[in-house]
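Undergrad:
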């Protein structure tokens, strides 16, 4: 790969110890550089990130100037504004590689203003499609039923010059937006593509990606089989960190989280807000199943505890992906703990 890419990987409080080992796989299976971003992480977590970057030329640390975690869209806006590379690239921290993941992506870099990949392993192909009867364009939706790319924020590579010019001209970044926040000039174009109603809500980066295409840019959603995205672990880690910060550990913490979730769910149902509507989408049960499973798996591996059982799964492909990911993560943790992890080496 002739282009030198630097991927931003954002870590939130509570996630670093569990997800940092995944960086070894990204180094092993690509020539890319990685900027590890501490988004409101604790001093101990920053120290872990700093130690991981030490002595590795393709790693660097960036600590965001905040005492509390920024919302994901705010973090992306900040990172893009300071990015000086030809490409603005980022990926979720719960992604690991099992092979040469850029082979399916690099040949397309010059043809598009944005390239996206890394759908969570528990997503079925049909789950990724935004259909006309929906009114919430979730992060998991990466294309419409008509094939229009929606992109995403799991794994993204933008032509940074084109993106910067667009943001400066339009004053639009990665923000989530409701229909009332959509520029009037863009609404008719969205309506023609079954993306319009007073209740429509667009997750992080979706309106930006649609507006880029409205202006004539091309985007592409690709599948790289060697990218393994667990999906949702940062959200769970941050939620657990907040609970621990309030002293809510053990049984007391479990009770607090249960009551808080029940109260929050009731408020969302009464309001019929976007989060409540997204829970009803076909992939909702799997999102709620696999995030906790992989979080428990990583905690068990880190603590040396018995491993959790794989969730029951009726879809054969998803079940196979989950099993393969579990095996890869278990092997990675074992290699890290025994000092045999293939850190920084290039495959033959």
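Numbering (the numbering used here), first residue to last: 42 to 389. Ideal placement from N, C-alpha and C gives every residue a C-beta, glycine not left out. From a predicted model like this one, the values you see are computed outputs, not experimental measurements.
Could you name each continuous beta strand (DSSP E) segment of 3 residues or more that falls completely within the region 338-376, going from the start of the chain to the end?
TA: The qualifying runs do not exist here; there are none.
Undergrad: State the start and end residues of the unbroken alpha helix (DSSP H) segment that holds residue 66.
TA: Translated into positions along the chain shown, residue 66 becomes position 25. First-last of the alpha helix (DSSP H) with residue 66: 64-69.
Undergrad: Can you tell me where the beta strand (DSSP E) with residue 50 in it begins and where it stops?
TA: Counting from one through the chain shown, the residue named residue 50 turns up at place 9. From DSSP, the beta strand (DSSP E) with residue 50 extends over 47-52.
Undergrad: What are the start and end residues of the alpha helix (DSSP H) that includes residue 85?
TA: Your numbering for residue 85 matches position 44 in the chain shown. 84-94 is the extent of the alpha helix (DSSP H) around residue 85.
Undergrad: Can you name the residues that DSSP bridges to residue 190?
TA: Here the question's residue 190 lines up with position 149 in the chain shown. For residue 190, which the question treats as bridged, DSSP gives the partners 184.
Undergrad: For residue 264, count the other beta carbons within 10 Å of its own beta carbon; 16 or more makes it buried, fewer makes it exposed. Which is it?
TA: Here residue 264 corresponds to residue number 223 of the chain shown, with the count starting at 1. Its Cβ having fewer than 16 others within 10 Å, residue 264 is exposed.
Undergrad: Are the CB atoms of residue 183 and residue 147 nearer to each other than 8 Å?
TA: Here the question's residue 183 lines up with position 142 in the chain shown. Here the question's residue 147 lines up with position 106 in the chain shown. Not a contact, by the Cβ cut-off of 8 Å.
Undergrad: Please specify which runs of the beta strand (DSSP E), each continuous and at least 3 residues long, are wholly inside the region 141-182, giving them in chain order.
TA: Counting whole runs of 3 or more residues, the region 141-182 contains the beta strand (DSSP E) stretches 155-158.
Undergrad: With distances taken Cα to Cα, identify the nearest neighbour of residue 162 among 45, 70, 238, 268.
TA: Counted from its first residue, the chain shown places residue 162 at position 121. Residue 268 is the option with its Cα nearest to residue 162.
Undergrad: So which of 51, 50, 62, 55 has the shortest CA-CA distance to residue 369?
TA: Locating residue 369 in the chain shown gives position 328, where the first residue counts as 1. Answer by Cα proximity: 62.
Undergrad: Following the continuous alpha helix (DSSP H) through residue 115, name the residue where it begins and the one where it ends.
TA: The residue labelled residue 115 in the question sits at position 74 within the chain shown. 113-123 is the extent of the alpha helix (DSSP H) around residue 115.
Undergrad: Suppose the cutoff is 6 Å on Cβ atoms and the five residues either side in sequence are ignored; what does the same chain contact list for residue 383 look like?
TA: Here the question's residue 383 lines up with position 342 in the chain shown. With a pLDDT of 48 at residue 383, under the threshold of 50, the modelled position of this residue cannot be trusted; read the value that follows with caution. For residue 383, where only same-chain residues beyond five positions count, the Cβ hits under 6 Å are 69.
Undergrad: From residue 185 to residue 172, what does the alpha carbon distance come to, in whole angstroms?
TA: What you label residue 185 is simply residue 144 of the chain shown in a count that begins at 1. What you label residue 172 is simply residue 131 of the chain shown in a count that begins at 1. Their Cα atoms are separated by approximately 6 Å.
Undergrad: Write down the C-beta distance between residue 71 and residue 142 rounded to the nearest angstrom, noting that I regard them as a contact closer than 8 Å.
TA: Sequence index remark: in the chain shown, residue 71 carries index 30 (1-based). Sequence index remark: in the chain shown, residue 142 carries index 101 (1-based). Yes, they are in contact, since the Cβ atoms of residue 71 and residue 142 sit about 6 Å apart, within 8 Å.
Undergrad: So does the region 346-364 actually touch the region 326-337, counting three or more Cβ pairs closer than 8 Å?
TA: In short, these stretches touch, since the Cβ pair count reaches three.
Undergrad: Using DSSP with H/G/I as helix, E/B as strand and the rest coil, what is residue 126?
TA: Along the chain shown, read from residue 1 onward, the residue named residue 126 stands at position 85. DSSP places residue 126 in coil when its eight states are reduced to three.
Undergrad: In three-state DSSP terms, what is residue 44?
TA: One-based indexing of the chain shown puts residue 44 at position 3. Of the three classes helix, strand and coil, the one that applies to residue 44 here is coil, per DSSP.
Undergrad: Comparing C-alpha positions only, which one of 82, 378, 64, 211 sits nearest to residue 97?
TA: Counting from one through the chain shown, the residue named residue 97 turns up at place 56. The option with the nearest alpha carbon to residue 97 is 64.
Undergrad: Between 88, 339, 75, 82, which has its C-alpha nearest residue 130's C-alpha?
TA: By one-based count along the chain shown, residue 130 stands at place 89. The shortest Cα separation from residue 130 among 88, 339, 75, 82 belongs to 75.
Undergrad: Can you tell me whether DSSP reads residue 206 as helix, strand or coil?
TA: Position 165 of the chain shown, counted from the first residue, corresponds to residue 206. Correct three-state label for residue 206: helix.
Undergrad: May I have the straight-line CA-CA distance separating residue 15 from residue 212, to the nearest angstrom?
TA: Shown here, the chain extends from 42 to 389; a query on residue 15 therefore has no answer.
Undergrad: Going along the chain, which residues of its own chain have a beta-carbon closer than 6 Å to the beta-carbon of residue 220, five neighbours each way excluded?
TA: Along the chain shown, one-based indexing puts residue 220 at 179. The answer, listed in chain order, is 239, 241.
Undergrad: Does DSSP put residue 219 in a helix, a strand or coil?
TA: Reading the chain shown from its first residue, position 178 is the one you call residue 219. Three-state result, residue 219: strand.
Undergrad: Could you check where the beta strand (DSSP E) with residue 75 kicks off and where it finishes?
TA: Mapped onto the chain shown, residue 75 falls at position 34. Where residue 75 is concerned, the enclosing beta strand (DSSP E) stretches over 74-79.
Undergrad: Taking a contact to mean a Cβ-Cβ separation below 8 Å, would you say residue 178 touches residue 191 in this structure?
TA: Along the chain shown, read from residue 1 onward, the residue named residue 178 stands at position 137. Along the chain shown, read from residue 1 onward, the residue named residue 191 stands at position 150. Yes, Cβ-Cβ distance for residue 178 and residue 191 is below 8 Å.
Undergrad: If you scan the region 214-287 from start to end, which runs of the beta strand (DSSP E) of 3 or more residues do you find wholly inside it?
TA: The qualifying runs are 260-262, 268-270.
Undergrad: Counting only beta-carbon atoms, is residue 94 nearer than 8 Å to chain B?
TA: In the displayed structure, chain B is absent; only one protein chain is listed.
Undergrad: Identify the continuous alpha helix (DSSP H) that holds residue 105 and give its terminal residues.
TA: Residue mapping note: residue 105 aligns to position 64 of the chain shown, counting from 1. Segment: none, residue 105 is in no alpha helix (DSSP H) and carries neither H nor E.
Undergrad: My output table needs one value for residue 309: the three-state DSSP class, helix, strand or coil.
TA: Position 268 of the chain shown, counted from the start, is the residue given in the question as residue 309. Note that residue 309 scores 47 on pLDDT, short of 50, meaning its location in the model is unreliable and no value can be drawn from it.
Undergrad: Mapping DSSP to helix, strand and coil, what is residue 58?
TA: Along the chain shown, read from residue 1 onward, the residue named residue 58 stands at position 17. Correct three-state label for residue 58: helix.
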